[in-house]
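Quick note on numbering: this note's numbering labels position 122 of the sequence shown as 117, and the sequence is numbered without any gaps. In this text, a Cβ means the ideal position worked out from N, Cα and C, and glycines have one as well. This report refers to the structure that appears directly beneath it.
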Amino acid sequence: MNHQIVSKFFDTSERYFAGVGDLAMLPINVHLSGERRLTTSAADSVAALRDVLRPYRFRFVDERELQDGIEKVLAGSLRGYKREAVLGPADRPDFLLDDGVAIEVKVDGSLAELLRQVSRYASHDSVRAILVVGTPYWIAKIPSEIGGKPLVGLRLVASLL
């Protein structure tokens, strides 16, 4: 598999975009006396993650290759995550970050199928928010919340070109 990730160098605010290092700069956790505390809300964490992934252009032919590209961004961020994290017998988000943000990657399927899937994820205490990343047109139509937890979509339109 040949993966190519291209990042842009400036975002709309003209601050320097350092690529994968930006994810490490998110103010998600602070360590005080060896104790880890969340410093941002779940909604802020998932929105910040979406904003970090948005400038990347992933080249892929299937969902697995897109997951591999996203994993390269996450691995370079020094943020803890698990790929295919087991939440329950049938519940495995594509990624679960240490701060409780689950990432589900989609390149096909239906909105109804996705909502059933992420609703199950939202029922788990370890999931604070969910980010759906992919190409289907319906990603723009997902609700902003499911099961009382933030649900955010990122449609990768430019990656299709």
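- Spatial neighbours of A117 in its own chain (CB-CB distance under 8 Å, excluding positions within 5 residues in sequence) are listed in chain order as I125, I141, G142, G143, K144, L146.
- Rounded to the nearest angstrom, the gap between the Cα atoms of S121 and R87 is 12 Å.
- Here the alpha carbon of R54 sits roughly 7 Å from the alpha carbon of L61.
- Using a 10 angstroms sphere on the CB of Y132, the tally of other CB atoms stays under 16, which defines it as exposed.
- DSSP places E99 inside the beta strand (DSSP E), whose first and last residues are 96 to 101.
- The Cβ atoms of L149 and R45 lie closer than 8 Å to each other.
- Per DSSP, reduced to three states, the secondary structure at Y116 is helical.
- The residue from D103, R115, D57 with its alpha-carbon nearest to that of A97 is R115.
- Looking at the DSSP output, P138 shares a beta bridge with no other residue.
- Annotated three-state conformation of Y76 is strand, per DSSP.
- Looking at the DSSP output, A124 bridges to V96.
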